[in-house]
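A.B. asks: The following block contains the structure, expressed as C-alpha cells.
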Amino acid sequence: MLRWLNNLSVSLKLGLGFSLVLALTLTLVITAWSAMDTLIKRSNWTQAITQLNTLTTDMRISRLQYMLTQGDEASASKVLNNLQQMEQQQDSILASFKDPTNLRLLHQHKALTQNDYRQAFDDMRQGYAQASSAHQQLEKAAAEASTQLQPLHQQLLQSTASDSPIRDLDTYWQVVSAIQQARIDTRSLTYGARAELADKAISSTDTALTELKRLQSEIHGVDVTQIAPLQSSLSAYRQAIDSYTQALRRISAARQEMTVRTNDVLSVINELYQLQISRRDSESHSAVTTLLSTAALAILLGILAAWAINRQIVPSLRQTVTQLRRIAEGDLSQQISVERRDEVGMLQQGLQQTNDRLRELIGHISSGVGQLASAAEELSAVTEQTRNGVLNQKDETHLVATAMNEMTATVNDVALNAERAANAANQAAQQAHSSDTVVARTVSSMDRLAAEVERSVQSMASLKAESNQIGSVLDVIKTVAEQTNLLALNAAIEAARAGEAGRGFAVVADEVRGLAQRTQQSTAEIEALIAALQRRANDTALIMQDSRTLTEQTVTLARDTGTALTAISRAIGDIQDMNQQIATAAEQQSTVAEEINRSVENVREVADQTATASAQTAQSSTQLASLGGDLQQLVGRFAL
C-alpha cells in the first residue's frame, strides 16, 4: 500500500513532511491572527460604545447645566453640540457593525437620542422660552400695578365725599397688602420654579382682585376709571402666572421625559456593552479552543510525519550500513535485492555495483600477482649488474670533476684579484676626485672668509671712528655738567643771600648741583668705557689684519693642493684602465672554466643519479617481490 511512498525521493518525503508541518503552522498562525483581529475589533467596538456612554453622561451634565441656568442659550448650544457628537459617533459605529442585534440596538439608541431626547429637549427649550416671556409679563404687570396705585392713593387722601375715608384707606391698604402678597408668592414661584407653588401665587392674585373689586364698590368720591387699569394689570398678572405655570409644567414633563430617555439610552448602551463583552468572551474561548485544537493536530501530524519518514529511511540505511561492514570485512559474496526507487535505493544499487566490481577486480589481481613476483626477481638480477657498472663510472667522473674544480678556483682567484685591484683604483680615483672637490670648496670658503675678514676690518674702522665721535659728545656733556654745577652753586649763593625767601630755591639748587655732579661722574665712567672700547677695537683691527694675511696665504696653498690632486686623479685613471683590461681577461677565463666545470658537474650528477636510480631500482625490485607476496596474502582474505 505504501510502495508509492517508498519510490518517492528522500527530498520529496522530507518536503512533504515539513510542508505538512508548515501548513499546520500556517493554519495556526492564520487562526491566531484572525482571533487577534476579531478581539481587537471587538475591543475597538467596546471602546466606541464606552465613548457613547461618555457622550451620554456629558449630554446629561450639559442638560443639567442648562436647567440650572434657567434656559441659557449658551448651555443649550452645549446640549445640541453633545447631541451632534453623539450622532457622529453613532454613524461611525453603525458603519463598522454588521451583526443584526448590534444594529438593532444601535438604531434604537439613535432613535432615543436623536428623536425622543431631542424632541423632549426642544419642548424644554420652548417651555423655558414661554417661562421667560411669562416672567417678563409678570414684571411688566407688577410695575404697571405699582405705578397705578399711587394716583389712587392720592385721590383717596384728597377725597371728602366719603363718609368714612378711614375705612376706604383701610380697604385700599388691604388691596395693596393682597397685591404685595401676590408678588411675594409669585417670586417664590419663579425662584422655586416648581408648579406646585403656583396655586399659592394664583390664590394670592385672586385675593388681590377680590379686594380690588370690594374697594371699587365701597369707596365714593373717587373716579372709578382709576381702578379699571389697575384691575386690568392684575388680570394680566394673573394670566402671566397661568402661562408661567404652564411653562413650568411643560419643563417638568420634558425633564421627566429626558430623564426616562436618558435611562433608556443608558440601558441600551449597557445592553450593547454587555453583548460585546459576552461575544468577546465567546470569541476568545472559541479562539483558544481553535488554537489548542490546531496546535494539538499539528503536533500529532508532525509526530506521524516524523514516524513515517523514519520508517521509510532508517531501516534501509541500517541495511546499507550492514552491507558496507561486510564489504569492509572482505565478504564480497553477498547479493542485495533492491526494490526502492528513491535515493536510498540508488545508494543500495550503487553499493551492489561496487561489490560486484570489487569482486571482479580482486579476481584479476589474484591471477596477476604470481606473474608480478617472477618478473620482479628477474628485474632485481639485471638491476644489480647495472648498479656495479654505474658505480665505476661514478668514481672516474668524480676524479675529473675534482681537477676541474681546482682549475676553476685558480682562475677565479686571478679574476678576483684583478677585480680587487680595479676596485682599489676606482676608490682611489673617487677619493682623489672627492679631495679635489673638497679643496675647491675650501678655496671658495677661504675666499669668502677673506672677504668677510676684509668687511670686519672695515667695520672695526667704522667702530673706532664712531667711538671717537662718542668721546666728543661726552666732552660736550661734561662741559655742560660743569657749567650746570657752577650755575647751581651761584643759585645756592643767591638763595643764601635771599634768606628765608630763597630757602626753597636753595633746595632746588642743591638738587641740580647733585644731578650735575652725578652727570660728571657718569660721563667720566662712560669716557673710561669708551677709551677701553677704543683700545679693544684697535687690538681687534690689528688681529683682523693678520687674519686676512693668513687667509690669503691659505687660499694660495689650497689652490696648489687642488692642482696636485688633479694630476693624481689622471694617473689613477690610467691605472684603472689597465686594471679593467686585466679583469676582463680574467673574467673570460673564469667563464670558460666555469662552463667546463658545469659540464663535468652535470656528468657527475648524471652518474650519481644513475647510481642512485640503479640502487633504487634494485631496492624497488626487492620491494616489488615482497609486495607480490603481500598481495597474494591480502587477496586471500576476500571471499569471492
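In case it helps, full-length UniProt numbering puts the sequence shown at residues 1 to 640. Just so you know, even glycine gets a beta-carbon here, dropped at the ideal spot from N, CA and C.
#1: To the nearest angstrom, report how far apart His-135 and Thr-245 are at their CA atoms.
#2: Would you call Asn-115 buried or exposed, if buried means 16 or more other Cβ atoms sit within 10 Å of its Cβ?
#3: For Thr-160, which three-state DSSP category applies?
#4: Since Ala-198 and Ile-251 are thought to touch, with beta carbons under 8 Å apart, how far apart are those beta carbons, to the nearest angstrom?
#5: Kindly indicate the opening and closing residues of the alpha helix (DSSP H) around Gln-84.
#6: Applying the 10 Å Cβ sphere with the 16-neighbour rule, what's the burial state of Val-476?
#7: Is the stretch 52-61 in contact with the stretch 258-276, if contact means three or more CB pairs nearer than 8 Å?
#8: Using 8 Å as the cut-off, can you tell me whether the stretch 225-239 makes contact with the stretch 272-280, which would need three or more C-beta pairs spanning the two stretches below that distance?
#9: Taking the alpha-carbon positions, what's the Leu-189 to Ala-201 distance?
#10: Compute the Euclidean distance between the alpha carbons of Thr-186 and Met-59, then round it to the nearest angstrom.
#11: With a threshold of 8 Å, are at least 3 pairs of Cβ atoms found where one atom belongs to the stretch 30-40 and the other to the stretch 290-301?
#12: Is Arg-570 near the ligand FMN - that is, is its Cβ less than 7 Å away from at least one heavy atom of it?
#13: Apart from the five residues just before and just after Gln-517, which ones in its own chain have a Cβ nearer than 7 Å to its Cβ?
#14: Here's the rule: buried if 16 or more other CB atoms are within 10 angstroms of the residue's CB, otherwise exposed. What is Gln-47?
#15: Can you confirm whether the stretch 56-70 touches the stretch 78-91 when touching is taken to mean that 3 or more C-beta pairs between the two stretches lie within less than 8 Å?
#16: What whole-angstrom Cβ distance do Gly-71 and Ala-145 have, given they're in contact under 8 Å?
#17: Tell me the DSSP secondary structure of Asp-242 in three-state form.
#18: Please classify Thr-160 as buried or exposed, where buried requires at least 16 other C-beta atoms within 10 Å of its C-beta.
#19: If you drop the 5 nearest sequence neighbours on each side, which residues of the same chain put their C-beta closer than 6 Å to that of Asp-264?
#20: Let's test the definition: count the other Cβ atoms within 10 Å of the Cβ of Gly-15 and tell me whether it reaches 16, buried, or not, exposed.
#21: Quick check: what's the CA-CA separation for Val-508 versus Asn-538?
#22: With a threshold of 16 other CB atoms inside 10 Å of the CB of Trp-45, please say whether the residue is buried or exposed.
#23: Tell me whether Lys-110 is buried or exposed, calling it buried when 16 or more other Cβ atoms sit within 10 Å of its Cβ.
#24: Would Ala-141 pass as a contact of Tyr-237 if the rule is Cβ separation under 8 Å?
#25: Residues in its own chain within less than 8 Å of Lys-98 by CB, not counting five upstream and five downstream?
#26: Helix, strand or coil: which one does DSSP assign to Thr-69?
#27: List the whole-angstrom C-beta distance separating Ala-131 from Leu-248, where the pair is believed to meet the contact cut-off of C-beta under 8 Å.
#28: Find the nearest neighbour of Ile-303 within the set Ala-74, Phe-18 and Arg-598, judged by alpha-carbon distance.
#29: Let me check understanding here. Comparing Cα to Cα, which of Ser-459, Ile-313, Arg-42 and Leu-212 lies closest to Leu-149?
#30: Out of Leu-138, Ile-184, Thr-549 and Val-175, which one is the CA nearest neighbour of Thr-210?
#31: Give a yes or no on whether the C-beta atoms belonging to Arg-261 and Tyr-117 are separated by under 8 Å.
#32: Do Thr-294 and Thr-101 come within 8 Å of each other at the CB atom, strictly closer than that value?
#33: Are the beta-carbon atoms of Ala-488 and Ala-506 separated by less than 8 Å?
C.D. replies: Straight from the coordinates:
#1: 10 Å
#2: exposed
#3: Its pLDDT being 46, under 50, Thr-160 is placed unreliably in this model, and the value from its coordinates should be taken loosely. Coil.
#4: At roughly 13 Å, the Cβ-Cβ gap does not stay under 8 Å, so Ala-198 and Ile-251 are not in contact.
#5: 73-96
#6: exposed
#7: yes
#8: no
#9: 7 Å
#10: 32 Å
#11: yes
#12: Here there are no bound small molecules, and the ligand FMN is not part of this structure.
#13: Asn-485
#14: exposed
#15: yes
#16: Rounded, the Cβ-Cβ distance is 26 Å, inconsistent with contact.
#17: helix
#18: Residue placement at Thr-160 is poorly supported in this model, since its pLDDT is 46, which falls under 50; the coordinates are not used for a value here.
#19: Leu-112
#20: exposed
#21: 44 Å
#22: buried
#23: buried
#24: yes
#25: none
#26: coil
#27: 6 Å
#28: Phe-18
#29: Leu-212
#30: Val-175
#31: yes
#32: no
#33: no
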